[in-house]
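Everything below concerns the one structure shown next.
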Amino acid sequence: MKQNIKAVCFDLDDTLCAYWDASRKALWQALDEAELGVDPQRAFDAWKSVFQTFSKEVKTDRWYERYLVSGEPTRTEHLRRTLRLLDREDERLAKSIAARYAELRNEYLELFPEAKQTLQQLKGRYCMCLITNGPADIQRQEVETLGIKGFFDHILIEGEMKLGKPDAAIFEAARTGCGYEAHEMLFVGNAFEQDVQGAKNAGWHALWLNRVDTQNPGTYPQPDAEITHLFEVCDWLGIERPPGPEPPLPPKHAADNWRR
């Protein structure tokens with residue numbers, strides 16, 4: 005089975021790079037620099053509270069078309085609502101914090117320690133794809149910041165494709181680009197529903213990258229295997245790992261998936 009794999013595709017955020025950590029650090033700093041006159045934890049909690057409702061709105065007709073092109077409109081609206089909860093409605097301040105947050109997040113964004121070595125090990129052996137959800141501008145900037153464009157034969161971004169995971173159509177676009185059959189495709193990602201189940205429902209193989217010991221929801225389809233770091237992709241494929249020690253696991257955070 006593994007010998008038949010001809011293409012390996014990856015998710016980006018929190019699979020190849022530590023997006024959550026960069027986002028959290030950037031948001032705390034941006035809120036702190038704004039000198040809102042409230043406890044930083046309160047401001048952070050207000051942000052997360054807004055996310056609980058606004059994240060659903062982002063996918064509606066009111067916001068989605070703009071979100072696909074740029075993360076700025078929804079990022080700024082998120083800050084407007086956060087400030088409203090803190091009794092600090094201020095349009096200029098919302099835009100300022102949103103811009104600073106985006107700047108800092110890009111500055112702090114880093115690949116996981118084993119990501120580049122893993123990509124180097126796979127490049128040339130397999131057709132390589134990156135399939136990532138998010139606005140076109142943010143995702144392209146991340147690829148540029150991380151310096152990983154050259155590893156991939158195909159890069160499919162939700163904002164550019166106008167559809168994202170777990171939609172089977174985006175997996176089909178990657179498969180067609182590589183020119184292989186579904187059973188010859190492998191996807192590696194951290195999001196159980198979007199990455200693992202999206203790929204499996206498209207007829208692919210899928211590895212669930214579970215760095216932070218998230219509980220398996222038990223729903224089907226299930227991944228072909230669960231891994232904790234990217235060197236294990238090589239193990240599953242039956243090829244040699246890159247040289248060096250096993251990568252350390254990141255700190256175990258709560259699965260707060262507030263983003264953009």
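In our numbering, the protein residues as written are 5 to 264.
Ideal Cβ positions, reconstructed from N, Cα and C, are used throughout, including at glycine.
- The C-alpha of residue 204 lies about 14 Å from the C-alpha of residue 9.
- If you ignore the 5 residues before and after residue 32, its C-beta comes within less than 8 Å of the C-beta of 44, 48, all in its own chain and listed in chain order.
- The three-state reading of DSSP puts residue 83 in helix, counting H, G and I together.
- The way I'd put it, the segment 98-112 does touch the segment 16-32; three or more beta-carbon pairs between them come closer than 8 Å.
- It is roughly 43 Å from the alpha-carbon of residue 174 to the alpha-carbon of residue 39.
- For residue 86, the number of other beta carbons within 10 angstroms of its own is at least 16, and it is reported as buried.
- Annotation: residue 231 is outside any alpha helix (DSSP H); the continuous beta strand (DSSP E) that includes it extends over 229-231.
- Under DSSP, the beta-bridge partners assigned to residue 132 are 12.
- Taking the C-beta atoms as reference points, residue 104 is found nearer than 8 Å to residue 34.
- Between residue 169 and residue 194 a beta carbon distance of about 11 Å is seen, past the 8 Å cut, so the two are scored as non-contacting.
- Within the segment 17-52, the complete alpha helix (DSSP H) segments at least 4 residues long are 23-37, listed from N- to C-terminus.
- Within the same chain, and ignoring the five residues on either side of residue 121 in sequence, the residues whose Cβ sits closer than 6 Å to its Cβ are 246.
- Residue 215 counts as buried, since at least 16 other C-beta atoms from the protein chains shown sit within 10 angstroms of its C-beta.
- Shown here, residue 193 sits in a strand according to DSSP, grouped into three states.
- About 27 Å separates the beta carbon of residue 73 from that of residue 119, a gap too long to meet the 8 Å contact definition.
- Secondary structure note for residue 241: its alpha helix (DSSP H) is the uninterrupted segment 235-241.
- Judged by beta-carbon spacing, residue 234 lies within the 8 Å limit of residue 116, meaning their Cβ atoms are closer than that value.
- When only Cα atoms are considered, residue 56 and residue 128 end up about 42 Å apart.
- In this structure, the alpha-carbon of residue 211 lies about 6 Å from that of residue 191.
- If only complete runs of 4 or more residues are kept, the segment 119-164 shows the alpha helix (DSSP H) at 119-126, 140-150, in order along the chain.
- For the 8 Å CB-CB criterion, residue 160 and residue 133 form a contact.
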